[in-house]
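These notes concern the structure reproduced below.
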Amino acid sequence: MAIAEVTIIPIGTATTSLSAYVAELQDVLSKQEGIRYELTSMSTIIEGPLDRLFEVILLLHETPFHSGALRVSTSVKIDDRRDKPSSSAQKIRSVQEKITNSEH
């Protein structure tokens, strides 16, 4: 399973607030099958098969245009680990275990 960090920034909107766009993107994600996602304060983490992530990222990139944005900037970072199963939760647990072990 691949993990992608996606940041979508609509440009040329009537306001500097982006929360309505972010809420719309979260709604789109909630309707997607075969992926898991998590909203963070700066981006959204999406997990699933790599080909499915690319489909969803394209859909997300197009969404602000349908809501009136005249320009959209999308940044994507992908972690595609194939030697063993991976997830955001697993990555965090691994770091937390190392922190706990270094404290003893």
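Using this note's numbering, read the sequence shown as starting at 651 and increasing by one per residue.
We put the beta carbon where it would ideally sit given N, CA and C, even for glycine.
Please read these numbers as outputs of a predicted model, since none were measured by experiment.
Query, Result
"Is there contact here, the segment 678-691 with the segment 724-735, by at least three beta-carbon pairs under 8 Å?", "no"
"Nearest by alpha-carbon distance to PRO699: which of ILE749, ALA652, LYS748, ASN751 is it?", "ALA652"
"GLU655: which of LEU703, GLU674, SER669, THR666 sits nearest, CA to CA?", "LEU703"
"Compute the Euclidean distance between the alpha carbons of SER723 and GLU697, then round it to the nearest angstrom.", "21 Å"
"Between which two residues does the beta strand (DSSP E) containing SER725 stretch?", "721-730"
"Roughly how many angstroms lie between the CA atoms of THR663 and LEU675, to the nearest whole one?", "16 Å"
"What beta strand (DSSP E) runs, 3 residues minimum, are completely inside the segment 661-738?", "686-689, 694-698, 721-730"
"Given a cut-off of 8 Å, decide if ILE658 and LEU710 are closer than it, judged by their beta-carbon atoms.", "yes"
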